[in-house]
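Read the structure below first, then the notes.
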Amino acid sequence: MPSVGKIARRTFLIGSAAIAGGVAFGAYMVNRPIPNPLLDDLADGEAAITPFVKVTSEGITLITPRADKGQGSYSMQAYLIAEELDIDPTDTIRMPGLPGPAYYNAEVMAEGSPLPAYDESATAETIRSVLRVVPKLFSIQMTGGSSTVPDMFEKLRHAGAVARETLKEAAAQRLGVARVDLSTEDGHVIAPDGTRIAYTDLAADAAGIEPITDVTLRDPSDWRYLGKAGLPRIDMEAKCTGAEKYGIDLAFDSMLFASICANPGIGGALESFDASEAEGMPGVRRVLEVTAGNPGVAVIATNTWYAIQAARAVECNWGAPNYPASSAEMFDLLEAAVDNEENFDHRQREEGDVDAALSEGEVFEAQYRIPYLAHAPMEPMNAIVKVTDDRIDIWTGTQIPLFIKQRAALISGMDAEKIFVHV
Amino acid sequence: MQLTVNGNEHEVDVTPDMPLLWVLRDELNITGPKYGCGIAQCGACTVHVDGVAVRSCQLAIGDLAGGEVTTIEGLAEPDSLHAVQEAWIEHQVAQCGYCQSGQIMQAASFLDLNPEPTDEDIDAAMSANLCRCGTYPRIRAAIHAAAKKLQEA
Ligand code: FES
Ligand code: FES
Numbered sequence: 003m004p005s006v007g008k009i010a011r012r013t014f015l016i017g018s019a020a021i022a023g024g025v026a027f028g029a030y031m032v033n034r035p036i037p038n039p040l041l042d043d044l045a046d047g048e049a050a051i052t053p054f055v056k057v058t059s060e061g062i063t064l065i066t067p068r069a070d071k072g073q074g075s076y077s078m079q080a081y082l083i084a085e086e087l088d089i090d091p092t093d094t095i096r097m098p099g100l101p102g103p104a105y106y107n108a109e110v111m112a113e114g115s116p117l118p119a120y121d122e123s124a125t126a127e128t129i130r131s132v133l134r135v136v137p138k139l140f141s142i143q144m145t146g147g148s149s150t151v152p153d154m155f156e157k158l159r160h161a162g163a164v165a166r167e168t169l170k171e172a173a174a175q176r177l178g179v180a181r182v183d184l185s186t187e188d189g190h191v192i193a194p195d196g197t198r199i200a201y202t203d204l205a206a207d208a209a210g211i212e213p214i215t216d217v218t219l220r221d222p223s224d225w226r227y228l229g230k231a232g233l234p235r236i237d238m239e240a241k242c243t244g245a246e247k248y249g250i251d252l253a254f255d256s257m258l259f260a261s262i263c264a265n266p267g268i269g270g271a272l273e274s275f276d277a278s279e280a281e282g283m284p285g286v287r288r289v290l291e292v293t294a295g296n297p298g299v300a301v302i303a304t305n306t307w308y309a310i311q312a313a314r315a316v317e318c319n320w321g322a323p324n325y326p327a328s329s330a331e332m333f334d335l336l337e338a339a340v341d342n343e344e345n346f347d348h349r350q351r352e353e354g355d356v357d358a359a360l361s362e363g364e365v366f367e368a369q370y371r372i373p374y375l376a377h378a379p380m381e382p383m384n385a386i387v388k389v390t391d392d393r394i395d396i397w398t399g400t401q402i403p404l405f406i407k408q409r410a411a412l413i414s415g416m417d418a419e420k421i422f423v424h425v
Numbered sequence: 011m012q013l014t015v016n017g018n019e020h021e022v023d024v025t026p027d028m029p030l031l032w033v034l035r036d037e038l039n040i041t042g043p044k045y046g047c048g049i050a051q052c053g054a055c056t057v058h059v060d061g062v063a064v065r066s067c068q069l070a071i072g073d074l075a076g077g078e079v080t081t082i083e084g085l086a087e088p089d090s091l092h093a094v095q096e097a098w099i100e101h102q103v104a105q106c107g108y109c110q111s112g113q114i115m116q117a118a119s120f121l122d123l124n125p126e127p128t129d130e131d132i133d134a135a136m137s138a139n140l141c142r143c144g145t146y147p148r149i150r151a152a153i154h155a156a157a158k159k160l161q162e163a
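Residue numbers (the numbering used here), protein chains in the order written: chain A, 3 to 425; chain B, 11 to 163.
Have a look at this one:
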């Protein structure tokens, strides 16, 4: 069983912070123990992805920061917190939280939590270091779904336990009894005489006391949710009634809709285009050339359909991409690259004597090939961007929100501090 | 133009060639029906018109001809679930869930026509509703369960 000491070594605990009408709990990682030196740079960026339990008089909010792409990670993260906090996760509000420094700046720092000061240069450095490792990040899938549970396994249970003990302490002070004589059940602290006090009723008290961070995580034999077969997904009903909101479902008043007609050969140029027909079509407000990313033309209109129709009516003259058109030719290129000794400049591991082993033992040779497979999610890629004079908000489904933030900063020239990515 | 969705009358000001899907989503903010392909290839946009499953991305609003539209939001009576939705929850069908409004609408309409389907019937009726997460075995199991519920009801 993980001990407090182990967690304390890895993390710097925020403990709790008073917020409007309640209290927020979280564990803040200052040092991420990943031996790969390439990833050491990530520490600050990762640190900002923070587990949170927020208790106010209105209700309990669980922050589940890892993206759910259908693998059930939102449910799992909620269960991890609930296991220690003694709540029914379906009675909570679950939010993915804003990523990275943005979350801290907007929510926690503004609300006066005892975070180490994050000056502008430190944050800027975080973004720069994230950007430096992005190619590595893609290739090793560091932020991929398979790391969610191992990464969150202690952190979220710990956040739940800190919240539980602090709420108990608040109840103990109110009732004039010792914390050890109290227990918790289903979102309530239970007094020795059976009196039940709702967590929500203790929120304001808990915000005013020193958080209890000296907690012991429960033994697996005491678990009610974790490791149990048939644990239902918390968002199942919403997904069966149309209530679940996806990025593409969000809308704001007077929002405009854009559809992009991009070069089907990725990276190929847009040589010229004729938008005269599109410009006169219903609902069309503007036609713009897309210069960032894959070249193309964007049509901005008053609804999605008008935008799509007009984008189809734009006549584009595309340049060829710099890759071959068929899979066979691509394989030829890949094969040539594999055979090129100049590419033998990376070694992940070096053990034993390969030449000696090959000259002695039986040699088995085989070649495996897989074609390029597009991810092709059912939800077409989309994002909502709201730009005002002093901030940019972006709503989109993404696994690497910090990268999006950085791109937005580059494109807009706005300070990364003022860009908020909502996943 | 007027249309009735989930029992409510709406007035929209759009061109008659606009597909029902976009009228629902962008004009009426009814977002249960999903946009997947826009070309009748995925089924994510499936709704009922007069109780029959249709691909709303292919039905121009001008061709609705007074048909009553039901979306996933209006499939069940208020504050209750349709037998298909109950079965979906019992069998924990949805993963990302993006295709599931369409799957459920397709399944509900299909069970109206064929209350005791075989596996083959189900595969044939559901094969044009794509699920990128691959929930097909659970969809099949849930349809059998829903069929039983509807028979017992
Ligand atoms: S969006 Fe209508 S079938 Fe794909
Ligand atoms: S549940 Fe993800 S596409 Fe079907």
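The C-beta atom is built at its ideal place from N, Cα and C for all residues, glycine as well. In this text the structure is predicted, and so the values were computed from the model without any measurement.
Residue burial classification, residue i (beta-carbon count within 10 angstroms, cutoff 16)
i	result
ASN265/A	buried
ASP129/B	exposed
ILE413/A	exposed
ARG288/A	exposed
PHE273/A	For the sequence presented, residue 273/A should be read as Glu rather than Phe. It is exposed - the Cβ of GLU273/A has fewer than 16 other Cβ atoms within 10 Å.
TYR374/A	exposed
LYS230/A	exposed
VAL64/B	buried
SER328/A	exposed
VAL365/A	exposed
TYR325/A	exposed
LYS388/A	exposed
GLY84/B	buried
Residue i in three-state terms, based on DSSP
i	result
GLY162/A	helix
TRP225/A	coil
VAL425/A	coil
LYS44/B	coil
ALA151/B	helix
CYS242/A	helix
GLY112/B	helix
VAL103/B	coil
THR304/A	coil
GLU163/B	The residue asked about is misnamed: residue 163/B is Ala in this sequence, not Glu. DSSP places ALA163/B in coil when its eight states are reduced to three.
ILE65/A	strand
VAL64/B	strand
ARG288/A	strand
LYS157/A	helix
THR390/A	coil
MET136/B	helix
ILE262/A	strand
ARG371/A	coil
ALA54/B	coil
GLU364/A	coil
ILE129/A	Caution applies to ILE129/A, whose pLDDT of 38 falls short of 50 and renders its modelled position unreliable; the model cannot decide the point.
VAL299/A	strand
Test: residue i CB closer than 8 angstroms to a CB of chain B
i	result
GLY244/A	yes
MET380/A	yes
ILE62/A	no
THR215/A	no
ASP255/A	no
MET97/A	no
THR145/A	Because the pLDDT at THR145/A is just 36, under 50, the model does not fix this residue reliably, and the point stays unresolved.
GLU331/A	no
TYR81/A	no
THR306/A	yes
Chain A contact for residue i (CB, 8 angstroms cutoff)
i	result
PRO88/B	no
ASN139/B	no
SER111/B	yes
TYR108/B	yes
MET28/B	yes
GLN51/B	no
CYS143/B	yes
ALA63/B	no
ASN39/B	yes
GLN102/B	yes
GLN116/B	no
TYR146/B	no
Interface flag, residue i vs chain E, CB-CB below 8 angstroms
i	result
ALA135/B	No chain E appears in this structure, whose protein chains are A and B.
Taking 6 angstroms as the limit, name every residue whose beta carbon sits nearer than that to some heavy atom of ligand 2, in sequence order. Residues lining ligand 2 by the Cβ criterion, that is a Cβ closer than 6 angstroms to any of its heavy atoms, are GLY72/A, MET380/A, ALA104/B, GLN105/B, CYS106/B, GLY107/B, TYR108/B, CYS109/B, GLN110/B, CYS141/B, ARG142/B, CYS143/B and THR145/B in chain order.
Runs of alpha helix (DSSP H) wholly within the stretch 325-353 of chain A (minimum 4 residues, chain order): Runs found: 329-341.
Closer than 6 angstroms between the C-beta and any heavy atom of ligand 1: which residues qualify, listed along the chain? That gives TYR45/B, GLY46/B, CYS47/B, GLY48/B, ALA50/B, GLN51/B, CYS52/B, GLY53/B, ALA54/B, CYS55/B, ARG65/B and CYS67/B.
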